[in-house]
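J.: So the sequence lines, in the order shown, correspond to chains A, B, C, D and E.
Residue 358, in our numbering, is where the first sequence stops; the numbers in between run on with no holes.
Residue 358, in our numbering, is where the second sequence stops; the numbers in between run on with no holes.
Residue 266, in our numbering, is where the third sequence stops; the numbers in between run on with no holes.
Residue 266, in our numbering, is where the fourth sequence stops; the numbers in between run on with no holes.
Residue 227, in our numbering, is where the fifth sequence stops; the numbers in between run on with no holes.
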Amino acid sequence: MTASAQPRQLDARLRVSRGDFQLEVDLEVSGQQTVVLLGPNGAGKSTVVDALAGVCPIDAGRIVVDGVVVDEPATSTFVPVRQRGLGIVFQQYRLFEQMSVLDNVAFGPSAQGVRRAAARRRAAEVLDLLGATELASRSPRDLSGGQAQRVAIARALAVEPSLLVFDEPLAALDVEVRADLRRALIDVSAGTGALVITHDPTEAFLLADQIVVVEDGRVTQRGDSEAIRMHPATPYVAALTGTNLFRGTAHGGAVTLDGGLTLHAADTHAAGPVVVTIDPVAVALHQAEPNTSARNTWSTEVVAVEALGERVRVVLGEPFEVVADVTPGAVEALDLRAGMTVWASVKATELQVRPATS
Amino acid sequence: MTASAQPRQLDARLRVSRGDFQLEVDLEVSGQQTVVLLGPNGAGKSTVVDALAGVCPIDAGRIVVDGVVVDEPATSTFVPVRQRGLGIVFQQYRLFEQMSVLDNVAFGPSAQGVRRAAARRRAAEVLDLLGATELASRSPRDLSGGQAQRVAIARALAVEPSLLVFDEPLAALDVEVRADLRRALIDVSAGTGALVITHDPTEAFLLADQIVVVEDGRVTQRGDSEAIRMHPATPYVAALTGTNLFRGTAHGGAVTLDGGLTLHAADTHAAGPVVVTIDPVAVALHQAEPNTSARNTWSTEVVAVEALGERVRVVLGEPFEVVADVTPGAVEALDLRAGMTVWASVKATELQVRPATS
Amino acid sequence: MTTRRGTEERIPLLLGVLASLAIALVAIPLVGLLVRVPWSNLGSLLTSDVVLDALRLSLISSIAAAALSTVLGVPLAWLLARRRFRGRRVVRAAVTLPMVLPPVVGGAALLFALGRRGVVGEPLDAITGIVLPFSLAGVIVANTFVAMPFLVLTVEGALTNSDRGVEAAAASLGASPLRVFWKVTLPAIAPSLRAGMVLAWARALGEFGATVTFAGNLQGRTQTLPLAVFVSLENDRNAALAMSLVMVAVSFAVLLGLRDRWWNNR
Amino acid sequence: MTTRRGTEERIPLLLGVLASLAIALVAIPLVGLLVRVPWSNLGSLLTSDVVLDALRLSLISSIAAAALSTVLGVPLAWLLARRRFRGRRVVRAAVTLPMVLPPVVGGAALLFALGRRGVVGEPLDAITGIVLPFSLAGVIVANTFVAMPFLVLTVEGALTNSDRGVEAAAASLGASPLRVFWKVTLPAIAPSLRAGMVLAWARALGEFGATVTFAGNLQGRTQTLPLAVFVSLENDRNAALAMSLVMVAVSFAVLLGLRDRWWNNR
Amino acid sequence: GTDSDSDTLIVFAASSLVDAFAEIGAAFEEQNAGADVMITTGGSSALRAQIIDGAPAAVFASANASTMDAVVEAGDTAAQPEVFARNRLEVVAPAGNAGGVSGLSDLARSDLFVGLCAAGVPCGDLSRDVLGEAGVTPSVDTDEPDARALLSKIVDGELDVGLVYATDAASAVDDVVAFATGVDMTTPYLIAPLDGAADPELAAAFVDFVTGPVGRAVLSDKGFAAP
Ligand SMILES: Nc1ncnc2c1ncn2[C@@H]1O[C@H](COP(=O)(O)OP(=O)(O)OP(=O)(O)O)[C@@H](O)[C@H]1O
Ligand SMILES: Nc1ncnc2c1ncn2[C@@H]1O[C@H](COP(=O)(O)OP(=O)(O)OP(=O)(O)O)[C@@H](O)[C@H]1O
Ligand SMILES: [Mg+2]
Ligand SMILES: [Mg+2]
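1. Verify the CB distance criterion: does Glu24/B have a CB-CB separation below 8 Å to chain A?
2. Going along the stretch 46-71 of chain C in order, which residues come within less than 8 Å of chain A, judged by CB to CB distance?
3. Tell me the DSSP bridge mates of Ile63/C?
4. Ignoring anything shorter than 4 residues or poking outside the stretch 108-182 of chain C, list the alpha helix (DSSP H) runs there in chain order.
5. Taking 8 Å as the cut-off, does the stretch 46-60 of chain A touch the stretch 247-262 of chain A (at least 3 CB pairs, one atom from each stretch)?
6. Any heavy atom of ligand 4 closer than 7 Å to the beta-carbon of Gln91/B?
7. Is it true that the CB of Pro29/D sits closer than 8 Å to the CB of Ala67/C?
8. Indicate, with yes or no, if ligand 3 has a heavy atom lying under 7 Å from the CB of Gly145/B.
9. Measuring CB atoms only, is the stretch 156-169 of chain A touching the stretch 32-51 of chain B, in the sense that at least three cross pairs come out at less than 8 Å?
10. The beta strand (DSSP E) that contains Gln22/B, what's its start and end?
11. For the stretch 116-126 of chain D against the stretch 40-59 of chain D, do three or more pairs of beta-carbon atoms, one drawn from each stretch, fall closer than 8 Å, so that the two count as touching?
12. Given that Ala158/D touches chain C, what residues does it touch there, using C-beta distances under 7 Å?
13. Decide yes or no for the touch test of the stretch 204-214 of chain D against the stretch 98-112 of chain D: beta carbon pairs closer than 8 Å, at least 3 of them.
14. Would you mind giving the Cβ-Cβ distance between Pro191/D and Gly206/D, rounded to the nearest angstrom? I have them listed as a contact below 8 Å.
15. What are the boundary residues of the beta strand (DSSP E) that includes Ala215/C?
16. Which chain D residues sit within Cβ distance under 9 Å of Gln9/B?
17. What are the start and end residues of the alpha helix (DSSP H) that includes Gly215/E?
18. Thinking just about the alpha-carbon of each residue, which of Leu102/A, Arg116/A, Glu97/A is nearest to the one in Asp433/A?
19. Compare the C-alpha of Leu59/D against each of Trp182/D, Thr224/D, Ala24/D and name the closest.
20. For a contact meaning CB atoms closer than 7 Å, what does Gly108/A contact in chain C?
21. If contact means a Cβ-Cβ distance below 7 Å, which residues of the stretch 63-89 of chain B contact chain C?
22. Glu82/E lies in the beta strand (DSSP E); which residues open and close that run?
23. Using a beta-carbon distance below 8 Å, is Ile24/E in contact with chain C?
24. To the nearest angstrom, how far is it from the Cα of Asn238/C to the Cα of Val37/C?
25. Whose C-beta lies closer than 6 Å to the C-beta of Ile140/D among residues of the same chain, with five residues either side of it excluded?
26. Three-state secondary structure (DSSP) at Tyr93/B?
27. Within the same chain, show all residues whose beta-carbon is closer than 6 Å to that of Leu80/D, passing over the 5 residues directly before and after it, in chain order.
28. Apart from the five residues on each side of it in sequence, which residues of its chain come closer than 6 Å, Cβ to Cβ, to Thr292/A?
29. Taking 7 Å as the cut-off, is the C-beta of Asp167/B nearer than that to any heavy atom in ligand 4?
30. For Thr198/B and Pro169/B, what's the separation of their Cα atoms in angstroms?
31. My assumption, with CB atoms under 8 Å, is that Leu76/D sits in contact with Ile23/C. Please give the rounded CB distance.
32. Does the stretch 142-162 of chain C come close enough to the stretch 60-75 of chain A to have 3 or more Cβ pairs within less than 8 Å?
33. State yes or no: is the beta carbon of Gly294/D nearer than 8 Å to at least one beta carbon in chain B?
34. Among Gln22/B, Arg8/B, Asp26/B, Asp20/B, whose alpha-carbon lies nearest the alpha-carbon of Leu14/B?
35. I'd like to check one pair, Ala152/B with Val79/B: are the Cβ atoms closer than 8 Å?
36. Can you list, in chain order, the residues of its chain with a C-beta nearer than 8 Å to that of Leu33/D? Leave out the 5 residues immediately preceding and following it.
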């Protein structure tokens, strides 16, 4: 879904260093796309926002918004954030404590020259859209966490930006509002592009036209929800999607994992560096050493047992961390508890081996 | 799982007013229980924390921690929070910006008289437990959102309180860390009780021994995960658990909903105020007026269509808001889009009618 | 929110003792002063032309100086706290100098600079005909010179302390730096700004040395209350005490009149 | 984090103009002063016993007064900002009075209270033999009296502004109010505390009227630089200018010496 | 306030002349309808500095010769200065005389709190001349910036003894006891009209009035000696 003639809303090559942390991320948002930046804590997601907002000017690279270069160290170009046409919701909300909620939301339109009364009308509209009308006259200091987040979102929406940038926009919201807001976001960003930052995979999969996975300052995978779900490229993404993923080296029917352990695989053609994924459902558990056709068996410790809807997720520890999904019946039968020792088995055919690409 | 001889960790009758908002919540935590306070935004969850922390002294009622009355207006009892033995993680983290992360975590032990070196050792231990060792020498100002939340949790854990109070402890954390932390929380609170506040039902269902649902300052339901899931008492809880719930009045085989609409039910004995629940799967959708045996049919507008794993959730609007879960195939067949008009039907036998208790 | 009695922690002993000492240090001399005031013939002492003229001039000049200090000093404080520029430390050090200079020397410096024969004053007179010394304008300039540094340092301290993230948010909504400053930055530091304004006003109200040196001491034109007090100290001590009492009363009235809300807006 | 050049927004014209005016108001008189300083025989003027004695006394007394103001004033500011008690507004108004009183009157009030015949001073002398007037201790008391209010108001403003949620968090971790104050509250307002200390120090360094009235003027015992300046203004203007230059230089040195980090710790 | 500057006669006078000039000014206003005499007092040298810096004064009355000389040198006087009065010093102790003071020699006692005017101000210079003449080395506790400040510390009992002008001692006759120094030394008071006077004739008339019979009478009433 790449735009053709129309300029991209955002085209950014970001190179920022912040203390010891180095960020190297390339991002594009075009047309009416919603791009989701997904990554673990401290991956650099908010740093991307800070770079776009000019709080952390980039050290190298280039930020282009709506066809205009807004930050490019090489040419000493730096456009202040107020002229960048971005609507940003910061992770910490950053509401104006000395104004009412209504004035917070009206601030953007006012700043853009809308007359006072009109700006307040616009603010009231947006608050209404987000179901926060009754908060209008409150002080931000007297809001609950979720209410504050809703107001922060309203404030950013009120300026009708050409690109929306949302840092964890839904984290503090309850489920009902979250669904409403998700719809509102999709409505609002129908006209414009949106860059949404989240660590919540469900949110990412629901909102995203494209997902960009960031880990430790680097992009580790890009693609639509489907592609990311089907072919996780890193252990982090695999964990997100509930898959076990390992890196290793294949040699004729066996794969030696980076940890040292060797597993048998059905695929005898692969060679060299590979990525191995194992569906948690494919991991079977046994009370004693199993007499099974499965080629891979090992004894291990149960680290944790968690209910997961109709299945139960069992986390296994040494010698290699694997997640197994079993039925509640199995848990009862085996009397699974954290700390106990069990035997695990995986059939060679359940190992999906792909050549490592990165 | 109620404690027997041992005094309850927490026994609170909270009556607080804050501006227009009134809170009336009774809470008990005993033994090694984890009680989860679940509720929508602005329900008063953080106000409960503020009351326990003495930030919002209660107007009436009584707070007893570990058998000691710590706040009771009737007897003018008020014990400062520092003597209450609570470990609190506030929703806004509230880290000490002028200290390093390590000193933040060591602050509690130091305040309790532990010598400097020992306090720092303890802090390092807890940081390690939460996988935040590499943050130790950083300033809280230089942390990402999730890192800050982790440090706030470490800080509360370091004091080994007799009751842990966590206000949305996992909101900003990524999925991997969340799972780790959930385990750590369960570990830590194994010795003590814990009061965990959240708006995330998954989190609630995973952590809770008991769930207390708060809406608009009042408790609307109590029970274990199972009970809450099976018998939602309010539309909010129903929405959480993916069920349609309505209130109305039954009269011989029909129920008139509070909105005015009348539905046919199989149960002809119920009379008076009732709660009606409908499983989303039981709602069928049709392109035109259906020729069906279903007793309840109506024409309605599609408000939203959302992918939900293998099913698709369709939100229907006027004349009454119902959620339908259909297969992706059905979506394609009907070409379902937000804004279009469809016909919906529900069999009378699918209406579960229970007498309203509250 | 009204707090229930008994819900505040006791005041720590150490802090209570030190604060009491601080109050004593201020209160005892004031009591000493009040004891000596000639209460019996206070009325006649205070309704003289000299006192009324001086009171009027004091109010005008101190308020004008506080206003001028705010208008000029807040932007300077912002510049010092928010922008890195060459010579920033020198400017900051220079701004505090009027506090350090004995006021009399400050007045002399003002004369050297802005006096009729002064470096800037002479051309100013020649071009515009404006003569600052021995005029009310001169009193205001002298008062501003000594009072402004207090405002600048107070406001700068508060700005350094304040959260810049909120300013970034305002800028991202399209607000110009001036709008951010006016609508977001200033309201956020309001309590410190108020403290700074009170400091400047009070310093100006009590100012003596620089004023007498730069603007002279003419009743009805440049003689403010402190000058009148000083003159009476020389010959009529009772009158001086009575006038001091007026000053105490005026500032008490103003500071009490600023309702508590004005100070504690949260 | 070093900022790339060109990434800061231009200084808004209005703020820039006003800040420049503020700088001019301070800088021009200083230039005027520097122009008149007798540079040629500066050396001999400055190495006299009078100047060296006065410099020593000035440094001792101003630093002592700033320290005393901090030790007493910070607890008082905390009390005013954090606790509601009867008479709080009266105390706050009273604290500002020493700023408003002409220093000479302040000195007189100190004499009435703490002088040899004073309300408190006479019993103090009788019981302990301590006589404050005409001693260095008296200079320090006078300096503290005039300087402390600046610190109190600055710190109180900052405390009112600061986030009490963090204090609640500290208390919930078991910290006593004193520990919260010392470890959390004070560090959080450090920039304003520093500003207040500089204000108090500078005010004490320049203090003249209260000192001469309360503690007298004796070379080597109570004669600080401003007193020496005042006395020489009468007869040896060059010496007075030279000494003023010393004061300017000392405070410049101190303020520049406080590294930038000391001010901007974030 | 000031109605019109042309009728206002601004007189700069040394501090010790405050009372005397207030009376003389009032008498002058009575004789010259429409004239408004405004007396500004201060240390002689501070006034000198202001005059040289362009203060709009019409008449200057100084408490010693050297300050007047400086004004003359600066070319700011409109006529030759005249001596119009003299002042001498007295030893002064607070009423009750707790220190048992009896004369100039008590200034040498270290058990007393002793105050003088600072060197450089007229009364301070005169004090040092007098003490030198009498061969007394004072045990000084404070050098006050002017005679009035010194007097008020004696009145309050903060100082046990000091040297002030006889005119000052006379003004506080109820609060102090005074003793002659035994040294015959005086300081002259000079007066001159100034160049910057708005109405030079009025300025000259005021100078004549001060040196004339009315002025002389008031001055001697306040304890000044004849020129
Ligand atoms: N002001 C700063 N100075 C130095 N390092 C910082 C600063 N802010 C963030 N960092 C570091 O940069 C890295 C990226 O932080 P960032 O806030 O971008 O993470 P994030 O992806 O938004 O994480 P989260 O999901 O926890 O919000 C982290 O290691 C963080 O500690
Ligand atoms: N300081 C305050 N003054 C007045 N009202 C307040 C204050 N703080 C919160 N409220 C109001 O009290 C109600 C309960 O707020 P609370 O913070 O307890 O909600 P919450 O359940 O924690 O919500 P969230 O999930 O959004 O954090 C809300 O309506 C809120 O607006
Ligand atoms: Mg972040
Ligand atoms: Mg909350």
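In this text, a Cβ means the ideal position worked out from N, Cα and C, and glycines have one as well.
T.: Looking at the coordinates:
1. no
2. none
3. According to DSSP, which records beta bridges pairwise, Ile63/C is partnered with nothing at all.
4. 121-128, 136-161, 164-172
5. no
6. yes
7. no
8. yes
9. no
10. 21-29
11. no
12. Gly157, Ala158, Asn161, Ser192
13. yes
14. Contact flag wrong, Cβ pair sits at about 23 Å.
15. Unbroken run through Ala215/C is the alpha helix (DSSP H), 209-215; no beta strand (DSSP E).
16. Within chain D, no residue comes near Gln9/B; the closest Cβ sits about 16 Å away, beyond 9 Å.
17. 213-221
18. Given that chain A is displayed from residue 1 to residue 358, the structure contains no residue 433/A and the question cannot be resolved.
19. Thr224/D
20. Leu173, Gly174
21. Pro73, Ser76, Phe78, Pro80
22. 82-94
23. no
24. 7 Å
25. Ser61, Ala64, Ala65
26. coil
27. Arg92, Glu156
28. Ser345
29. yes
30. 8 Å
31. 7 Å
32. no
33. Because chain D here runs from 1 to 266, residue 294/D falls outside it and cannot be looked at.
34. Asp26/B
35. no
36. Leu241, Ser244, Leu245, Val248
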